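Q: If you read the sequences in order, they're chains A and B.
Numbering follows UniProt numbering, with no gaps: position 327 of the first sequence is 327.
Numbering follows UniProt numbering, with no gaps: position 14 of the second sequence is 14.
2 protein chains.
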Amino acid sequence: MVTLKQLAKELGVSISTVSKALNNSEEIGEDTVRRVKELAELYNYKPNKVALSLKNNKTKTIGVIIPNILNRILAKVLFGIETEAAKHGYNIITCISNESLEKEKQSLQLLANGSVDGFILSVAEETQINNEIEHFKKTISQGLPIVMFDRVAHDVMCDKVIVDDFDAMYNATKSLLKEKRKNIVFISNINDLSVGKLRERGYNKAILEHGVQEPLVLKIKRKKDDHQKKIKSFLKKNRTVDAVIAADSSSGVIALNTAINLGLKVPKEFSVIAFASKSDSNHTIPKLTTIRQHAKEIGVSAAQMLIARMQNLPASADVKTKIVKTSIVKNKSTL
Amino acid sequence: MVTLKQLAKELGVSISTVSKALNNSEEIGEDTVRRVKELAELYNYKPNKVALSLKNNKTKTIGVIIPNILNRILAKVLFGIETEAAKHGYNIITCISNESLEKEKQSLQLLANGSVDGFILSVAEETQINNEIEHFKKTISQGLPIVMFDRVAHDVMCDKVIVDDFDAMYNATKSLLKEKRKNIVFISNINDLSVGKLRERGYNKAILEHGVQEPLVLKIKRKKDDHQKKIKSFLKKNRTVDAVIAADSSSGVIALNTAINLGLKVPKEFSVIAFASKSDSNHTIPKLTTIRQHAKEIGVSAAQMLIARMQNLPASADVKTKIVKTSIVKNKSTL
């Protein structure tokens, strides 16, 4: 087995240069990094991970724990974390809590055992319901910083990245009122989640301030209801409805397709706007006007905050909460 | 710090029982596992991961490397792996290669360093294009088994789980021919991937056997083309086309919505069938007939194969390739 010392000798540089180059340190020039890595590869050099982590106490790895891999927003946040981490020479390893408190604890323990320098996570549903926070506090007290995003535990003192769900829905509803829509229905299949409730409140506030109509809400049960049937029969029964604002992409896409199926002219006589992704919007005709969450940016911000924290850059012990603003991307489903 | 020995003494069981219980061994009864874990938790017992892995050479952790977290099928496979691994008391940690050969190598190295007992992975696009396999061979020769799924490297001797892409498309095309469709176009935005090529060949075979039309193929470049425009102008120019078979869900959903937008009656005069998920199909009107990939089952199978391999259950050194069959879910976009 070749050692760092032997590599350094052969390359005519210091041991510390070799070590830093192998860890993608920004102090070392690109050329040197490449030379060091090529020689290390040639000799099949294996850094002793344990020795390394005992010595400099850095793994250059971020642990990410997400509650649900099938959630597209979470997948995109992960993509953002990955992209930003790579820029700074950090690897990420990811565990999935599957919305389970027990799995979340296990994942923290598994990775806290010398594999990572810190965590980025979104809290599991079960953890939120039970209001458990001890495992987070324990991890932080072990010297491993945590950055939480989207679903955060307010009682844990750590950096956080959240979305302005309330304002986003308030502003989107106001944009429909400006189009002179007179009977706007709020449709949601995420009413059991905290973000779903915030979005409904944003809609309510805009409607009540305006004072022309009462709030009109259609709630879909994700696992029980036939989404298409429910929206179709609602729109058939409520012929005066002239706009839909949806808290989730499924409700938005289905409402748009249903309106067209019922012969309504979109956007001339009927508008649709929804929390949705660019790809959702590219699949409908006309293209759906969307409230974008900038999930990638959430991930990028979380990674930046954690990396700064791990490098002790915020000199103070104060914690920060960053709000990533949504934006409305105007397409052809609104005037 | 409390030791295994002290825990064993207090519980009146053997050290090996404590160790096995902490590692969720199936040899130990549930009750004992619970008692051991409770006491370990009480004393805040920390297994020395390195010592453990040196001693019994087992981390009870599976490393998963996936090329792209934004791909829904891959996310579902990951969900299947997670579910099956948890059943057998295995944790999983996941790295994302982002379709990059370099990242894939890094991830293998990162995790091979004592963090996992074996790997489940789908090969990155760049790796496939460069036909690189040395890093896989190296990992296997270090005693860490690999199971590949979906995008596999045929020249690496290891267990594999694949989908019957060729047969799936052959059969789906035949089902359109049975509907007496006379001009079926194959649309794909994944023609640069091996699975995309297999799907095209399945379509070609069915069309050539039938002999009524020539193969008609529309290829979409994922990053360059305006997907909607390209499909719309194609369908406008080719008015005799009476069916679309799509290799990917975006092409399928857009083709269906475009046909309706052009005033075609689906499925009376125009059929659409696509590789897509249940949720894609639930969003269109009429609901899309789909070729389902059973992504979760792919993950479950891969996890089962790897766990068997890690426990040396296949006594022989032979490797297996498991084929997970797709199925056609008939909906209202075909006759």
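C-beta: ideal position from N, C-alpha, C; glycine also.
A quick note: this is a predicted structure, and the numbers were derived from the prediction, not measured.
Would L42(B) be called buried (16 or more neighbouring beta carbons within 10 Å of its own) or exposed?
A: L42(B) should be labelled exposed.
Q: If I measure Cβ to Cβ from M169(B) and keep anything under 6 Å in the same chain, skipping five residues before and after, which residues do I get?
A: Around M169(B): R199, G202 and Y203.
Q: Excluding the 5 residues preceding and the 5 following G118(B) in the sequence, name in chain order all residues of the same chain whose CB lies nearer than 8 Å to its CB.
A: Within the same chain, G118(B) has close Cβ partners I62, G63, L144, P145, I146, V147, L306, R309 and M310.
Q: Only counting runs of 3 or more residues, tell me where the beta strand (DSSP E) segments fall wholly within the stretch 72-157 of chain B, in order along the chain.
A: Runs of the beta strand (DSSP E) inside the stretch 72-157 of chain B: 91-96, 118-121 and 146-149.
Q: Give me whichever residues DSSP pairs with V36(A) in a beta bridge.
A: According to DSSP, which records beta bridges pairwise, V36(A) is partnered with nothing at all.
Q: With 16 other CB atoms within 10 Å as the buried threshold, where does Q293(B) fall?
A: Buried.
Q: Tell me whether A303(B) is buried or exposed, calling it buried when 16 or more other Cβ atoms sit within 10 Å of its Cβ.
A: Classification for A303(B): buried.
Q: Relative to the C-alpha of V185(B), which residue among D225(B), V241(B) and K160(B) is closest?
A: Taking only the C-alpha atoms, the option nearest V185(B) is V241(B).
Q: Using a Cβ-Cβ cut-off of less than 7 Å, list which residues of the stretch 128-146 of chain A approach chain C; keep chain order.
A: Going by chain labels, chain C is absent from the structure shown, which instead holds the protein chains A and B.
Q: Check whether the Cβ atoms of S271(B) and E214(B) sit closer than 8 Å, and answer yes or no.
A: Their beta carbons are not under 8 Å apart, which means S271(B) does not touch E214(B) by this criterion.
Q: Buried or exposed: where does Q142(A) fall if 16 or more other Cβ atoms within 10 Å of its Cβ makes it buried?
A: That one is exposed.
Q: What is the rounded straight-line gap between the Cα of G196(B) and the Cα of V156(A)?
A: Spanning the two alpha carbons is a distance of roughly 47 Å.
Q: Compare the C-alpha of S277(B) against each of S301(B), L264(B), D165(B) and G252(B) and name the closest.
A: If we check each option's Cα against that of S277(B), G252(B) comes out closest.
Q: Leaving out the 5 sequence neighbours to the left and right, which residues in its chain are closer than 6 Å to L54(B) when beta-carbon positions are compared?
A: With a pLDDT of only 42 at L54(B), under the threshold of 50, the placement of this residue in the model should not be trusted, and no figure is reported.
Q: Quick one: any contact between the stretch 78-89 of chain A and the stretch 95-104 of chain B, if contact means 3 or more CB pairs under 8 Å?
A: The stretch 78-89 of chain A is in contact with the stretch 95-104 of chain B.
Q: Does DSSP classify G299(A) as helix, strand or coil?
A: In the structure shown, G299(A) sits in a helix (DSSP, three-state: H, G or I).
Q: Report the neighbours of I285(B) on chain A: residues whose CB is nearer than 9 Å to its CB, in chain order.
A: The answer, in chain order, is Q228, K232, I254, N257, T258, I260 and N261.
Q: Given S107(B), which residues of its chain have a CB within under 7 Å of its CB, disregarding the five upstream and five downstream residues?
A: Excluding sequence neighbours, S107(B) sits near I65, C95 and S97.
Q: Return the residues of the stretch 93-115 of chain A that lie within a Cβ-Cβ distance of less than 8 Å from chain B, sorted by chain order.
A: Those residues of the stretch 93-115 of chain A that come within reach of chain B (Cβ to Cβ, closer than 8 Å) are I93, T94, C95, I96, N98, K103, Q106, S107, L110, L111, N113, G114 and S115.
Q: Classify L256(A) as buried or exposed, calling it buried when 16 or more other Cβ atoms lie within 10 Å of its own Cβ.
A: Per the 10 Å Cβ criterion, buried.
Q: Output yes or no for whether 8 Å exceeds the beta carbon distance between K206(B) and I273(B).
A: Note that residue 206(B) corresponds to Ala in the displayed sequence, not to Lys. Not in contact: A206(B) and I273(B) (Cβ atoms no closer than 8 Å).
Q: Determine, for E82(A), whether the minimum Cβ-Cβ distance to residues of chain B falls below 8 Å.
A: So, interface residue.
Q: When you compare the CB of K55(A) with every CB in chain B, is at least one pair closer than 8 Å?
A: Any reading at K55(A) must be qualified, since the residue scores a pLDDT of 45, below 50, and its modelled position is unreliable; no value is offered.
Q: Name the residue from K137(B), D164(B) and F166(B) whose alpha carbon lies nearest to the alpha carbon of A153(B).
A: Ranking the options by Cα distance to A153(B), first place goes to K137(B).
Q: Just to confirm the assignment: which complete beta strand (DSSP E) runs, minimum length 3, are found wholly within the stretch 153-217 of chain B?
A: The qualifying runs are 159-163 and 184-188.
Q: Is any heavy atom in the ligand HEM found nearer than 7 Å to the beta carbon of K268(B)?
A: Ligands displayed in this structure: none; no statement on the ligand HEM is therefore possible.
Q: Assign R222(A) to one of three DSSP states: helix, strand, or coil.
A: R222(A) falls in the coil class under three-state DSSP.
Q: Taking only the alpha-carbon atoms, compute the straight-line gap between V324(B) and I162(B) and give it to the nearest angstrom.
A: Near 6 Å, if we compare the C-alpha coordinates of I162(B) and V324(B).
Q: Beta carbons nearer than 7 Å to chain B: which residues of the stretch 64-77 of chain A have them?
A: Residues I69, L70, A75 and K76.
Q: Under 8 Å between beta-carbons, which chain A residues line up against F149(B)? List them in chain order, please.
A: The premise fails here: F149(B) is roughly 15 Å from chain A at the closest Cβ pair, so nothing lies under 8 Å.
Q: Kindly list the residues whose CB is nearer than 7 Å to the CB of A51(A), restricted to its own chain and excluding five residues on each side of it in sequence; keep chain order.
A: Confidence at A51(A) is low in this model, with a pLDDT of 46, below 50, so the placement of that residue should be treated as unreliable; the coordinate-derived value is given next. Cβ within range, chain order: n/a, list empty.
Q: What residues in the stretch 174-190 of chain A bring their beta carbon closer than 9 Å to a beta carbon of chain B?
A: Under the 9 Å Cβ criterion, the stretch 174-190 of chain A contributes no residue.
Q: Please state whether the Cβ-Cβ distance between S188(A) and A243(A) is less than 8 Å.
A: Contact: no.
Q: When DSSP labels each residue in this structure, what does V18(B) get in the three-state scheme?
A: Helix, per DSSP.
Q: Less than 7 Å between C-beta atoms, sequence neighbours within five positions excluded: which residues of the same chain meet that for L39(B)?
A: Contacts found: L7, E10 and L11.
Q: Select from L110(B), K58(B) and D192(B) the residue whose C-alpha is nearest the C-alpha of G89(A).
A: Of the candidates L110(B), K58(B) and D192(B), the one whose C-alpha sits nearest the C-alpha of G89(A) is L110(B).
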